[in-house]
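One structure is given here, and the rest of the page talks about it.
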Amino acid sequence: MLIWKAFGRVPILFQRRGMFRVKPSGTTLNLKRNGGEKVKRKKKKLDLFGQPIIEEPHQLLTAQAKIVNLSDSDALLLGLTGYVATKMWNVANHERKAVWQETGKIPGFADQCKTLKNNRWYKLLPSQTSQEVLAELDDSYLSWYGHRRNGDMAAKPPGFRKKDTLSTLTFKQNAFGMLDGNKVLLKLPQKTYERTRLELAYILPPDTTLGKVQQVKLSYEPKTGEWYLLIYHKVKIEYLPPANILAFDLGIVNIVAGYFSTGQSFVVPGGELLALDRYFHKMKAKTNSSRSRKCRGLNRKWSRQRKHYLHVLTKNIVEQAAAHNVSHILVGELKGIHQDKDWGAKQNQELHAWPYRKIIQTLTYKAALKGILVQEVSERNTSTTCPICGKRVKSARVERGLFVHCGQATNADAVGAFNILQRYLRDNGKTLLEVVGELARPVVNLFVWRKSTPLGREQGTFRSVA
Ligand SMILES: [Zn+2]
């Protein structure tokens with residue numbers, strides 16, 4: 016407890032990121048934090064219209080496989096190694112606090128790899144497994160420094176793990192091997208354990224095809240007593256040849272408005288996400304303190320539900336794109352988002368951090384797995400251009416999300432998406448599309464939670480409303 020208090024009094028000691036941390040590449044130890052693989056140079060590839068694009072030809076995926084048919088002696092060995100990893104964490108954490116008290120500086124990752132490499136617990140695991148525990152601890156400290164930098168002086172430094180915790184173990188490079196018949200080989204250090212090679216059988220989730228496996232983690236679930244193998248693998252992305260295009264625009268009233276080059280359009284109203292944020296703001300306001308157990312519980316739940324919403328949203332967009340034979344998705348560049356958007360009530364902006372960046376990232380990743388390339392393109396003037404006559408008409412945007420010009424009322428957000436596509440085609444010297452009547456009435460995709468009570472809102476799905 017004394018230590019916490021001492022930490023609390025340190026003013027701006029660790030404000031500079033990485034102050035006590037030697038960059039892995041710069042150390043003589045040549046410690047690698049990320050699996051030790053060299054980052055490959057990105058290859059240039061041409062887009063739909065022959066312009067070079069930067070692409071990620073591989074995606075790193077994680078598959079969670081359940082360990083099955085675990086023998087008693089293997090279970091004992093796994094339990095032991097999990098216990099050793101917990102000891103390693105606590106020893107390293109204790110060292111950080113002790114050195115800090117003595118010298119006023121907190122040792123970083125590379126320092127600890129040096130000072131602890133002859134520690135009993137360190138030597139009881141494969142060296143990269145021990146290093147990974149030190150890396151996790153380092154990440155926790157960096158995150159704590161970050162909280163302090165952001166002015167959260169109440170944030171606590173990383174704590175000690177309970178003795179009965181079985182920590183997650185990482186196996187890299189030579190410490191593991193993938194065997195035929197859904198088996199993994201794990202190697203333990205010599206001389207201490209009864210056996211140094213463990214062969215474990217696992218079951219992959221349905222529809223999982225493993226790419227090149229980079230590393231595996233063994234993780235214990237205390238509630239069920241099951242062990243899981245987290246398999247980190249790389250799959251190669253094969254992008255589809257040019258076919259249809261989906262352009263979409265991100266907004267507030269409609270979080271997504273999309274237009275397919277085949278003429279259909281759709282919108283996703285943002286109200287459900289807004290309602291979710293409002294609900295949790297209201298519940299949090301009722302708690303005594305932002306550090307209370309109840310408030311932290313609400314934060315966890317809020318973030319889980321938001322994450323789920325974004326998962327279902329991006330999945331829905333990718334599914335629609337695949338169903339429309341789309342090879343390319345265009346999205347309006349985010350830097351313009353604050354300019355000519357209908358930002359809604361002012362209070363909404365304050366309560367609500369709209370997760371546009373997150374949507375684009377998640378979408379890019381999910382689309383790539385289906386061979387669909389996501390590109391950010393300019394959205395300048397796209398919300399003020401009439402889809403029928405092609406003129407810029409700032410005054411044309413009227414109330415309730417309608418764009419009225421040339422004697423027709425169209426959905427303003429769908430028009431934005433349509434214009435993103437038009438603009439992109441024009442900039443690349445391609446034929447412009449004919450306006451199709453569906454801009455007036457896009458399909459509305461509503462998000463509905465599967466269970467209606469706020470407490471049970473964990474799962475939801477999108478439903479199309481004509
Ligand atoms: Zn017009």
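Counting from 16, one number per residue, gives the positions in the sequence shown under this note's numbering. Ideal Cβ positions, reconstructed from N, Cα and C, are used throughout, including at glycine.
{"Item": "For F418, does the three-state DSSP call read helix, strand or coil?", "Value": "strand"}
{"Item": "Could you pull the DSSP bridge partners for Y247 from this structure?", "Value": "T77, Q230"}
{"Item": "How many angstroms separate the CA atom of L447 from the CA atom of K406?", "Value": "14 Å"}
{"Item": "According to DSSP, is Y217 part of a helix, a strand, or is it coil?", "Value": "strand"}
{"Item": "Would you list the residues whose beta-carbon is nearer than 6 Å to any heavy atom of ligand 1, in the order they occur in the chain?", "Value": "C401, I403, C404, K406, H420, C421"}
{"Item": "Quick one: grab the DSSP three-state call for E449.", "Value": "coil"}
{"Item": "Just verifying my parser: in three-state terms, what is the DSSP assignment at K309?", "Value": "helix"}
{"Item": "Thinking A432 and S280 are a contact (beta carbons under 8 Å), I'd like their distance in whole angstroms, please.", "Value": "7 Å"}
{"Item": "Entirely within the segment 276-308 and at least 3 residues each: give me those beta strand (DSSP E) ranges in chain order.", "Value": "280-284"}
{"Item": "Just to confirm my understanding: we take R465, look at its own chain, exclude 5 residues before and 5 after, and list those with CB closer than 7 Å. What are they?", "Value": "Q474, G475, T476"}
{"Item": "For V450, which residues from the same chain have a beta carbon less than 6 Å from its beta carbon, with the 5 sequence-adjacent residues on both sides left out?", "Value": "P402, I403"}
{"Item": "What's the C-alpha gap between Y439 and L255?", "Value": "19 Å"}
{"Item": "Report the rounded CA-to-CA distance for L149 versus S142, giving the unit in angstroms.", "Value": "11 Å"}
{"Item": "Could you round the C-beta distance between L378 and T329 to whole angstroms and report it? I think they count as a contact, below 8 Å.", "Value": "5 Å"}
{"Item": "On a CA-only basis, which of M298, K299, P370 is nearest H323? Give me that one, please.", "Value": "P370"}
{"Item": "Is it true that the CB of L201 sits closer than 7 Å to the CB of T144?", "Value": "no"}
{"Item": "Tell whether a beta-carbon distance below 7 Å holds between I267 and G285.", "Value": "yes"}
{"Item": "What residues in its chain sit with their C-beta under 6 Å from that of V99, if we drop five residues either side in the sequence?", "Value": "W136, L139, L140"}
{"Item": "Below 8 Å on the Cβ atoms is my contact criterion, and I expect V283 with N460 to pass it. Report the Cβ-Cβ distance as a whole number of Å.", "Value": "5 Å"}
{"Item": "Would you give the residue range spanned by the beta strand (DSSP E) that L200 belongs to?", "Value": "198-202"}
{"Item": "Exposed or buried, E147, counting other C-beta atoms within 10 Å across all chains shown (16 or more means buried)?", "Value": "buried"}
{"Item": "Roughly how far, in whole angstroms, is the beta-carbon of G97 from the beta-carbon of Y235, given that I think they are within contact range, below 8 Å?", "Value": "6 Å"}
{"Item": "At the level of alpha carbons, what is the spacing between G41 and V333?", "Value": "Note that G41 scores 30 on pLDDT, short of 50, meaning its location in the model is unreliable; the coordinates nonetheless yield the value given after this. Using only the alpha carbons, I get a separation of about 41 Å."}
{"Item": "Within the same chain, show all residues whose beta-carbon is closer than 7 Å to that of E453, passing over the 5 residues directly before and after it, in chain order.", "Value": "G278, Q279, S280"}
{"Item": "Taking 7 Å as the cut-off, decide whether the C-beta atoms of L176 and W115 are in contact.", "Value": "One point to set straight first is that residue 176 is Arg, not Leu, in the sequence displayed. The answer is no: Cβ separation not under 7 Å."}
{"Item": "Verify whether the separation of the beta carbon atoms of Y217 and A80 is less than 7 Å.", "Value": "yes"}
{"Item": "Give me whichever residues DSSP pairs with S485 in a beta bridge.", "Value": "Because residue 485 is not part of the residues shown, which for the chain are 16 to 481, the question remains open."}
{"Item": "If we ignore side chains and look at the alpha-carbon of each, how far apart do G94 and K373 end up?", "Value": "37 Å"}
{"Item": "Run the CB neighbour count on W110, radius 10 Å, all protein chains shown included, and call it buried at 16 or more, exposed below.", "Value": "Reading off the sequence shown, one finds Glu at residue 110, where the question assumed Trp. That one is buried."}
{"Item": "Could you give the distance in angstroms between the alpha-carbon of K232 and the alpha-carbon of T425?", "Value": "52 Å"}
{"Item": "If we ignore side chains and look at the alpha-carbon of each, how far apart do H420 and R441 end up?", "Value": "21 Å"}
{"Item": "From the DSSP secondary-structure annotation, give me the bridge partner or partners of L461.", "Value": "R478"}
{"Item": "Sort out for me which residues DSSP pairs E236 with in a bridge.", "Value": "E241"}
{"Item": "Just to confirm, is the Cβ distance from C310 to K299 under 7 Å?", "Value": "yes"}
{"Item": "Can you check which of these residues, S398, A336, C128, V408, is closest to L384 by C-alpha distance?", "Value": "A336"}
{"Item": "For K251, which residues from the same chain have a beta carbon less than 8 Å from its beta carbon, with the 5 sequence-adjacent residues on both sides left out?", "Value": "P72, H73, G226"}
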